[in-house]
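Engineer:
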Amino acid sequence: MLKKLDTCQADMIDWNRTSFGNVVHQVKTISQYIDKMQQGIITATTNQKIEQARKNLDELLIMEELIWKQRAKAPWLKEGDRNTTFFHAKASERKHKKVIKRLKDDTGRQIEAELGVRRVILEYFVEIFRSSQPEVDAMNGF
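Going by my numbering, the sequence shown opens with residue 358, and the numbers climb by one from there.
#1: For residue 417, count neighbouring C-beta atoms within 10 Å of its own C-beta (all shown protein chains included) and say buried if the count is 16 or more, exposed if not.
#2: Pull up the distance between the alpha-carbon of residue 435 and that of residue 391, whole angstroms please.
#3: Taking Cβ to Cβ, would you say residue 347 is nearer than 9 Å to residue 420?
#4: Among the residues of its own chain, which have a CB less than 7 Å from the CB of residue 480, if the five just before and after it don't count?
#5: Consult DSSP for residue 361 and reduce its assignment to one of helix, strand or coil.
#6: Over the uninterrupted alpha helix (DSSP H) stretch that includes residue 391, give me the two end residues.
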């Protein structure tokens, strides 16, 4: 089961990269492109290219902001704030809070080692799925 979840996570990461690419890298690349174009001679053609690049940059910045808002899961954030450093910090903080550090096994012993915690979780759900009629209370109690 854990292997399937890991595989699913890897597949979703690959899908994200192929569908959206590395947004942070794209923002940096387009910003450098705009700077380079502005340093040269400005003609009607280069001006159009700069405007199109700015539109693309704005879209990417919105995507980047949404990515960090989703990871931060902070519902009180206001629209239009591009403080991605803040969002990154909130997402990282949330990630560290969402760690199971210890569990009690069936015998009541406290398990603190990561592999032991994984084993307890796996055994718990395997037992539920093996049962021909799992109790709803058993699934809600985890």
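Quick reminder that beta carbons are idealized off the backbone N, C-alpha and C, glycines included.
Structural biologist: With the structure as the only source:
#1: buried
#2: The pLDDT assigned to residue 435 is 49, lower than 50, so where the model puts this residue is not dependable; a value taken from the coordinates is nonetheless given after this. If I take the Cα positions, the gap works out to 28 Å.
#3: Residue 347 lies beyond the residue range present for the chain, which begins at 358 and ends at 499; the question has no answer from this structure.
#4: none
#5: helix
#6: 380-396
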